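Per this note's numbering: the sequence shown = residues -14 to 518. Quick reminder that beta carbons are idealized off the backbone N, C-alpha and C, glycines included. For clarity, every value in this text was computed on a predicted model and none was experimentally measured.
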Amino acid sequence: YQQAVENSPNSIFALDQQGVIQTWNRSCREMLQYGDEAIGQPFDALLFEASERDSVRSLLQRVLEGESLSRLDIVFRCKDGSYRQMLSRLYPLFDETGAVSGCIFANTDVTENKKAEEEIRQRNRELAALNQIGYRISQLFDLDPILNQALDETMEILDVECGYIGLLDPDGKHISLKTRRGAEHIPDEALAPIGIGESGIGRVAQSGEPLLISSLAESLNDIPDSYKQIVAQNQFTSAMIVPLKTRGRILGVISLTTANDRVFTTEEMQLLITISHGISAAIENAQLLETASRAMALEESDRLKTAFLNSISHEIRTPLTIIKGMADSLIQTDITWDEGMQTEFLLAINSQSDRLIRIVNDIIDMAIIDRGNLDLDKRLADMSEIIGNMREMLEHLASGRFLDLRMADNLPPVQIDVRRVGQIITNLVENAVQESGSGTPIVLDITASGNDVKVTVADCGNGVSPEHFDNVFTRFYRLEENTDRRRSGSGLSLAICMGIVEAHGGRIWVESEEGKGTKFIFTLPVAEPTIQS
-14 YQQAVENSPN SIFALDQQGV IQTWNRSCRE MLQYGDEAIG QPFDALLFEA
36 SERDSVRSLL QRVLEGESLS RLDIVFRCKD GSYRQMLSRL YPLFDETGAV
86 SGCIFANTDV TENKKAEEEI RQRNRELAAL NQIGYRISQL FDLDPILNQA
136 LDETMEILDV ECGYIGLLDP DGKHISLKTR RGAEHIPDEA LAPIGIGESG
186 IGRVAQSGEP LLISSLAESL NDIPDSYKQI VAQNQFTSAM IVPLKTRGRI
236 LGVISLTTAN DRVFTTEEMQ LLITISHGIS AAIENAQLLE TASRAMALEE
286 SDRLKTAFLN SISHEIRTPL TIIKGMADSL IQTDITWDEG MQTEFLLAIN
336 SQSDRLIRIV NDIIDMAIID RGNLDLDKRL ADMSEIIGNM REMLEHLASG
386 RFLDLRMADN LPPVQIDVRR VGQIITNLVE NAVQESGSGT PIVLDITASG
436 NDVKVTVADC GNGVSPEHFD NVFTRFYRLE ENTDRRRSGS GLSLAICMGI
486 VEAHGGRIWV ESEEGKGTKF IFTLPVAEPT IQS
């Protein structure tokens, strides 16, 4: 028994009723760095800080009363002042009469496991921060709101008092202030552009390498002259300066500063570097969009092209920002994502890619319709059969809403392009989903009406006022422009529906009453009967 205890990988020691160490195995000696001098010493004074001694004495008292304790997280102090995290089990030790004579501590060292768990938690915090900032700035369209939102979110996550974002001037020679927080008593005009290579910010913009300044008071050469007054008046202590860059191109820098003797850690620097990838992607996309917008405005002056830019640009920008940010994160060499996070990123990239494809397909379809080149692959078809084949897809598209399918009996056949008519129905159901709240019904009703088959898609949304009836099928038209109700989408789906319906010789219209929902109705001509010879 003594040999088994001595050679056990667990740290085992026995105490008497006064808490004095009686036996001490080899693992204890190696792990806690005490030799035989530990024998005869009070365990609490030897192995624990003063603030912890009362709690471990209470554990000993419970065991001396006959209780066994297991899976306790206990931190032991080693001889050199370091600490080991143990998973401990405490058992009563009985004498020959059956009375409790002491206590046995059996301890498994889990220090490295705890460190690994903390690293995982840190990675999860980084991922949450990246997702939070990436999501919020992806909803913005212009550069200035992106910079302001990104700085506010970053400062909140890292709990700092002062922040700065500067972007590279077009000449590539200076970094100019774009947004800042802290020291508001100093006007922006007093903060001159910083030359590339000058001070910490200029050197980061030149090298593309992040800089951690532990003591600003001892690093005056890292502070631009125009900023030294801010540092002195606010008693700033430490700073992090990280480049904003994408695809090897420097866009600018983000800098954060602490006060009250707080010094940034390397872990905080790593988190800021991770966050900077998403901010950089958003900035690049905003700059590309801004450049494209200016070029389009110069080249195209007619109302339709302007509407196209206004409607499509933000719809393309959102998935691009998400794809770019997540792809940049996945290819970074300075952080390792676990398999679950990688899968989450890839699923998001795949979903946003599908969204881009739908937008591009809408644009192509609209262009084909505009040119009058919409070729229809017509064949004799039964609407009941078409809807039956689409049912599962439509129910999935309804997404939490009740899809009420109503089909009249003995519907006459129609001569149609089945794929294109399916596209009309899909677009109208998707439009109804956007208008309807969760749990509300969406009705798809198909009836015969004279020489037509009539298809109605009805929702229970807010409805459309009559003054908008003539415009709902106009491309890029938004009913809720600049309001909270504005929906995502290219603004082309209803215009495409009209183009396909009219190419079939049918017509499409809207019926609605505000507060009571909307009906989109289209007709398809019944197929002419075949003459028997």
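Best match in Ile239, Asn219, Tyr212, Val216 for proximity to Glu194 [C-alpha to C-alpha]
Working through the sequence shown from its first residue, we reach residue 194 at position 209. Here the closest residue by C-alpha is Ile239.
Strand pairing of Lys163, partner residues [DSSP]:
For the purposes of this step, residue 163 is identified with residue 178 of the sequence shown, where counting begins at 1. DSSP output for Lys163 lists no bridge partner at all.
In angstroms with no decimal places, state the Cα-to-Cα distance between Glu487 and Lys363.
Indexing the sequence shown from 1 puts residue 487 at position 502. Indexing the sequence shown from 1 puts residue 363 at position 378. In this model, Glu487 and Lys363 are separated by some 14 Å (Cα to Cα).
Return helix, strand or coil for Ser450, following the three-state DSSP convention.
Indexing the sequence shown from 1 puts residue 450 at position 465. Correct three-state label for Ser450: coil.
Just the C-alpha distance for Ala443 and Ala333, rounded to the nearest angstrom, thanks.
Taking the first residue of the sequence shown as 1, we reach residue 443 at position 458. Taking the first residue of the sequence shown as 1, we reach residue 333 at position 348. About 31 Å.
So, helix, strand or coil for Arg14, using DSSP?
Reading the sequence shown from its first residue, position 29 is the one you call residue 14. When DSSP states are grouped into helix, strand and coil, Arg14 belongs to the helix group.
Can you name, in chain order, every residue of its own chain whose Cβ lies under 7 Å from the Cβ of Asp207, other than the five neighbours on each side?
Walking along the sequence shown from the start, residue 207 turns up at place 222. Once the five neighbours on either side are set aside, the close Cβ partners of Asp207 are Ser184, Gly185, Ile198.
Taking Ala443 as part of the beta strand (DSSP E), name the residues at either end of that continuous run.
Stepping through the sequence shown from its first residue, residue 443 is reached at position 458. Ala443 -> beta strand (DSSP E) spans 437 to 443.
Cutting at 6 Å between CB atoms, please list the residues of its own chain near Glu496, excluding the five before and the five after it.
Your numbering for residue 496 matches position 511 in the sequence shown. So the list reads Lys504, once near-sequence residues are dropped.
Three or more beta-carbon pairs under 8 Å between the region 74 to 83 and the region 95 to 107, yes or no?
Under the 8 Å Cβ criterion, the region 74 to 83 does not count as touching the region 95 to 107, having fewer than three qualifying pairs.
Proximity to Ile24 [Cα-Cα], best of Asp39, Glu34, Asp1:
Within the sequence shown, residue 24 is the residue found at index 39, counting from 1. The candidate whose alpha carbon is nearest that of Ile24 is Asp1.
How about Leu413 and Met368: do their beta carbons lie closer than 8 Å?
Translated into the one-based positions of the sequence shown, residue 413 becomes position 428. Translated into the one-based positions of the sequence shown, residue 368 becomes position 383. Their beta carbons are not under 8 Å apart, which means Leu413 does not touch Met368 by this criterion.
With DSSP as the reference, please indicate the residues paired to Phe387 in a beta bridge.
Taking the first residue of the sequence shown as position 1, residue 387 is located at position 402. Pro426, per the DSSP bridge assignment.
According to the Cβ coordinates, are Leu143 and Leu256 closer than 8 Å?
In the sequence shown, residue 143 corresponds to position 158, counting from 1. In the sequence shown, residue 256 corresponds to position 271, counting from 1. Yes, they are a contact pair.
By the DSSP assignment, the alpha helix (DSSP H) with Glu487 in it spans what residues?
The sequence position of residue 487 within the sequence shown is 502, counting from 1. Here the alpha helix (DSSP H) through Glu487 covers 478 to 488.
On the three-state DSSP scale, how would you describe Phe330?
By 1-based counting over the sequence shown, the position of residue 330 is 345. Helix, per DSSP.
From Arg56, Ser421, Ala433, residue whose alpha carbon lies closest to that of Gly448:
Translated into the one-based positions of the sequence shown, residue 448 becomes position 463. Of the candidates Arg56, Ser421, Ala433, the one whose C-alpha sits nearest the C-alpha of Gly448 is Ser421.
Measure the alpha-carbon distance for Ile131 versus Leu305 and round it to whole angstroms.
As a position in the sequence shown, residue 131 is number 146, starting the count at 1. As a position in the sequence shown, residue 305 is number 320, starting the count at 1. Between Ile131 and Leu305, the C-alpha separation is close to 15 Å.
Per DSSP, what kind of secondary structure is Ser53 in: helix, strand or coil?
On the sequence shown, position 68 is the one that residue 53 refers to. It is coil, neither helix nor strand.
Residue nearest to Arg188 in terms of C-alpha spacing, selected from Asn(-8), Ala135, Gly357, Gly237
Stepping through the sequence shown from its first residue, residue 188 is reached at position 203. Nearest to Arg188 by C-alpha distance, out of Asn(-8), Ala135, Gly357, Gly237, is Gly237.
Would Ser261 and Val227 be called neighbours here (beta carbons separated by less than 8 Å)?
For the purposes of this step, residue 261 is identified with residue 276 of the sequence shown, where counting begins at 1. For the purposes of this step, residue 227 is identified with residue 242 of the sequence shown, where counting begins at 1. Yes, the Cβ-Cβ distance between Ser261 and Val227 is below 8 Å.
Closest Cα partner of Arg302 within the set Val406, Ala266, Ala113
The sequence position of residue 302 within the sequence shown is 317, counting from 1. For Arg302, the nearest C-alpha among the options comes from Ala266.
I need the DSSP call for Pro27, collapsed to helix, strand or coil.
As a first step, residue 27 must be located in the sequence shown, where it is residue number 42. Strand at Pro27.
Helix, strand or coil for Asn92, going by three-state DSSP, please let me know.
Counting from one through the sequence shown, the residue named residue 92 turns up at place 107. Reduced to three states, the DSSP call for Asn92 is strand.
Is the region 379 to 391 touching the region 401 to 408 in the sense that three or more CB pairs, one from each, lie closer than 8 Å?
No, because fewer than three Cβ pairs between the region 401 to 408 and the region 379 to 391 fall closer than 8 Å, the two stretches do not touch.
Cβ pair count under 8 Å reaching 3, the region 23 to 43 against the region 4 to 14:
Using a Cβ-Cβ distance cut-off of 8 Å, the region 23 to 43 and the region 4 to 14 are in contact, since at least three pairs of beta carbons, one from each stretch, lie closer than that value.
Cβ separation of Arg62 and Leu54, assumed to be a contact under 8 Å, to the nearest whole Å
Your numbering for residue 62 matches position 77 in the sequence shown. Your numbering for residue 54 matches position 69 in the sequence shown. Not really, about 20 Å apart at Cβ, beyond 8 Å.
Report the rounded CA-to-CA distance for Glu370 versus Ala512, giving the unit in angstroms.
The residue given as residue 370 occupies position 385 in the sequence shown. The residue given as residue 512 occupies position 527 in the sequence shown. Straight-line measurement puts the Cα of Ala512 at about 16 Å from the Cα of Glu370.
Cβ atoms of Ile268 and Leu128: under 8 Å apart, would you say?
As a first step, residue 128 must be located in the sequence shown, where it is residue number 143. As a first step, residue 268 must be located in the sequence shown, where it is residue number 283. Contact flag set, yes.
Drop a sphere of 10 angstroms on the beta-carbon of Leu274, count the other beta-carbons inside from all chains shown, and report buried for 16 or more, exposed for fewer.
Against the sequence shown, residue 274 aligns to sequence position 289. Buried, since its Cβ has 16 or more Cβ neighbours within 10 Å.
Where Asp469 and Gln419 are concerned, what is the direct C-alpha to C-alpha distance, given to the nearest angstrom?
On the sequence shown, position 484 is the one that residue 469 refers to. On the sequence shown, position 434 is the one that residue 419 refers to. Below a pLDDT of 50, predicted positions are generally treated as unreliable, and Asp469, at 41, falls in that range; the measurement from the model is reported next regardless. CA-to-CA, the gap between Asp469 and Gln419 works out to about 13 Å.
Please report the straight-line C-alpha distance between Gly357 and Pro451, rounded to a whole angstrom.
Sequence index remark: in the sequence shown, residue 357 carries index 372 (1-based). Sequence index remark: in the sequence shown, residue 451 carries index 466 (1-based). Cα to Cα, the separation comes out at about 30 Å.
Top-ranked residue by Cα proximity to Ile344, from Glu415, Asp65, Leu477, Gly385:
Within the sequence shown, the letter at position 359 stands for residue 344. Taking only the C-alpha atoms, the option nearest Ile344 is Leu477.
Rounded to whole angstroms, what is the Cα-Cα separation between Ala91 and Phe(-2)?
For the purposes of this step, residue 91 is identified with residue 106 of the sequence shown, where counting begins at 1. For the purposes of this step, residue -2 is identified with residue 13 of the sequence shown, where counting begins at 1. Straight-line Cα distance between these residues: approximately 7 Å.
Exposed or buried, which one is Asn10 when buried takes at least 16 other CB atoms within 10 Å?
Here residue 10 refers to the residue found at position 25 when the sequence shown is read from its first residue. Within a 10 Å sphere around the beta-carbon of Asn10 sit 16 or more other beta-carbons, which makes this residue buried.
Thinking Asn245 and Thr276 are a contact (beta carbons under 8 Å), I'd like their distance in whole angstroms, please.
Mapped onto the sequence shown, residue 245 falls at position 260. Mapped onto the sequence shown, residue 276 falls at position 291. Actually they do not touch by this definition, with Cβ atoms about 42 Å apart.
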